[in-house]
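J.: The sequence shown begins at 13 in this note's numbering and counts up by one.
Starting off with a structure, shown below.
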Amino acid sequence: MSGYQGTPPPPQPQGGYYPPPPEKSQQYPGQQQQQYAPQSPGHSQQNFYPPPPQQYPPPTSPPPVTQVAYDPNRPVLAASAPVAQGGASTVTDTIGSFNGGNYRIDHRDTNTLLTIQLAHGCPITAKPGAMVAMSPSVTLKGQVKFSFKKLLAGGEMSQSTYTGPGELLLAPAALGDTVPIRLDGQQTWSVGRDAFLACTQGVIKEYKSQGLGKAMFSGEGLFVYKISGQGVLFVTSLGAIIQKNMAPNEQYIVDNEHLVAWNCKYGIERVASGGIISGMASAEGLVCRFTGPGTVFIQTRNPKAFGAWMAQHMGAGAAQ
13 MSGYQGTPPP PQPQGGYYPP PPEKSQQYPG QQQQQYAPQS PGHSQQNFYP
63 PPPQQYPPPT SPPPVTQVAY DPNRPVLAAS APVAQGGAST VTDTIGSFNG
113 GNYRIDHRDT NTLLTIQLAH GCPITAKPGA MVAMSPSVTL KGQVKFSFKK
163 LLAGGEMSQS TYTGPGELLL APAALGDTVP IRLDGQQTWS VGRDAFLACT
213 QGVIKEYKSQ GLGKAMFSGE GLFVYKISGQ GVLFVTSLGA IIQKNMAPNE
263 QYIVDNEHLV AWNCKYGIER VASGGIISGM ASAEGLVCRF TGPGTVFIQT
313 RNPKAFGAWM AQHMGAGAAQ
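As structure tokens, this is what we get:
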């Protein structure tokens with residue numbers, strides 16, 4: 013009687029070699045190609061650029077569970093859960109995309125570096141002197157826009173325009189953070205004269221008066237940047253940046269020297285002696301009361317106070 017004849021095993025390849033599994037495309041977590049949407053009436057026409065080649069290496073380990081992946085429809089830097097009583101801040105890298113490029117903000121939050129990958133022919137406007145490095149293929153064009161407003165207020169009269177393809181590295185002059193603000197064409201942001209770093213194509217940047225009363229006491233002068241349009245705006249600070257989102261009719265008080273950017277109404281008032289701030293003679297004791305709905309970006313360091321601290325300690329060191 014013959015033994016059981018089962019199905020013979022598959023032939024073994026010579027040398028024990030097995031073909032590798034099909035490779036999977038590598039994609040950075042949360043990175044998605046953003047579809048270009050037509051602009052609303054009243055805005056200048058943008059050109060559509062193909063996405064630049066992805067040059068960021070894949071991560072060596074999955075992101076921590078507390079890190080929020082990039083989502084174009086999510087409010088910029090919105091926290092997934094409250095992390096502080098007064099507002100939210102971040103020290104994780106921020107990755108995003110725009111029409112014609114993508115960006116990464118790292119080395120946060122006091123040595124921030126903004127790295128931008130530009131597609132062929134895609135421009136980006138930046139503050140003069142903000143460039144750290146760039147690819148040889150990126151072209152730079154300077155432009156001077158004379159304005160009596162900027163002359164009186166001490167604003168920047170020149171701007172630098174970088175055009176791809178290639179990589180561009182930007183950084184603020186001060187030790188601070190950088191955050192992106194995504195503009196949808198429906199809102200106008202007020203930005204302090206020292207807070208603007210860069211913006212993509214489609215963003216409209218104007219220098220407008222904010223009224224004599226606010227000019228004298230807000231700490232930002234007679235004119236501030238009014239930013240509108242569609243695209244991504246990058247603002248910078250001295251120290252870290254806190255984002256405060258306010259519900260309708262919600263109020264929040266911010267020291268006048270700590271403002272970075274805001275898109276809601278506010279008024280100037282004096283804090284009573286013994287309150288948050290005192291000392292009317294030094295222009296302190298004045299605060300900005302914001303009323304929602306809207307968002308306020310706040311810097312954690314006071315430029316004037318920090319400058320006085322530096323001068324005091326440098327003078328003490330020289331005396332020794």
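Where a beta carbon is used, it is the ideal one built from N, C-alpha and C, also for glycine.
The structure displayed is predicted, hence computed values, not measured ones.
1) State buried or exposed for Thr307, treating a residue as buried only when at least 16 other CB atoms are found within 10 Å of its CB.
2) Check whether the Cβ atoms of Ile253 and Asp206 sit closer than 8 angstroms, and answer yes or no.
3) Using a 10 Å radius around the Cβ and a threshold of 16 neighbouring Cβ atoms, would you call Gly204 buried or exposed?
4) Could you tell me if Arg120 is buried or exposed, where buried requires 16 or more neighbouring beta carbons within 10 angstroms of its beta carbon?
5) So Gly133 and Gly176 are supposed to be a Cβ contact under 8 angstroms. How far apart are they, rounded?
6) Hey, how far is the Cα of Lys277 from the Cα of Glu262?
7) Using 8 angstroms as the Cβ pair cut-off and three pairs as the minimum, do the region 146 to 155 and the region 105 to 124 touch?
8) Taking the alpha carbon of Ala138 as the point to measure from, which residue in Pro184, Asp118 and Ile117 has its own alpha carbon closest?
9) Rounded to whole angstroms, what's the CA-CA distance from Leu209 to Met143? Just pull it up for me.
10) Helix, strand or coil, according to DSSP, for Gly113 in the structure here?
11) For Asn314, tell me which candidate among Leu250, Val215 and Gln129 has the shortest Cα-Cα distance.
12) Is DSSP giving Gln198 helix, strand or coil here?
13) Here's a check: name, in chain order, each residue in its chain whose Cβ is nearer than 6 angstroms to the Cβ of Asn114, leaving out the five neighbours to either side.
14) Given a threshold of 16 other Cβ atoms within 10 Å of its Cβ, counted over all protein chains shown, does Pro192 qualify as buried or as exposed?
15) Can you check DSSP and say which residues form a bridge with Thr303?
16) Once DSSP output is grouped into helix, strand and coil, what is the label at Ala317?
17) Let me make sure I understand the geometry here. Which of Leu182, Gln242 and Thr173 has the alpha-carbon closest to that of Thr200?
18) For Tyr174, which beta-bridge partners are listed by DSSP?
19) Apart from the five residues on each side of it in sequence, which residues of its chain come closer than 7 angstroms, Cβ to Cβ, to Asp196?
20) Would you mind giving the Cβ-Cβ distance between Thr122 and Leu187, rounded to the nearest angstrom? I have them listed as a contact below 8 angstroms.
21) So, are the CB atoms of Val272 and Val247 less than 8 angstroms apart?
22) Use the C-beta contact count for Gly141: other C-beta atoms within 10 angstroms, 16 or more gives buried, fewer gives exposed.
T.: Short version:
1) So Thr307 counts as buried.
2) No.
3) Classification of Gly204: buried, given that the 10 Å Cβ count is 16 or more.
4) Answer is buried; the Cβ neighbour count reaches 16.
5) Correct: roughly 7 angstroms between the Cβ atoms.
6) In this model, Lys277 and Glu262 are separated by some 11 angstroms (Cα to Cα).
7) Between the region 146 to 155 and the region 105 to 124 there are fewer than three inter-stretch CB-CB distances shorter than 8 angstroms, so the stretches are not counted as touching.
8) Out of Pro184, Asp118 and Ile117, Pro184 has the C-alpha closest to the C-alpha of Ala138.
9) Here the alpha carbons of Met143 and Leu209 stand approximately 10 angstroms from one another.
10) Strand at Gly113.
11) Residue Leu250 is the option with its Cα nearest to Asn314.
12) The answer is coil: DSSP assigns Gln198 none of H, G, I, E or B.
13) Correct list, in chain order: Gln129.
14) Buried, since its Cβ has 16 or more Cβ neighbours within 10 Å.
15) Paired residues: Gln263 and Lys277.
16) Helix, per DSSP.
17) Ranking the options by Cα distance to Thr200, first place goes to Gln242.
18) Paired residue(s): Ile136 and Leu152.
19) Take Asp196, set aside five residues on each side of it, and the residues of its chain with a beta-carbon closer than 7 angstroms to its own are Gln242, in chain order.
20) About 5 angstroms separates the beta carbon of Thr122 from that of Leu187, a gap short enough to meet the 8 angstroms contact definition.
21) Yes, the Cβ-Cβ distance between Val272 and Val247 is below 8 angstroms.
22) Gly141 should be labelled exposed.
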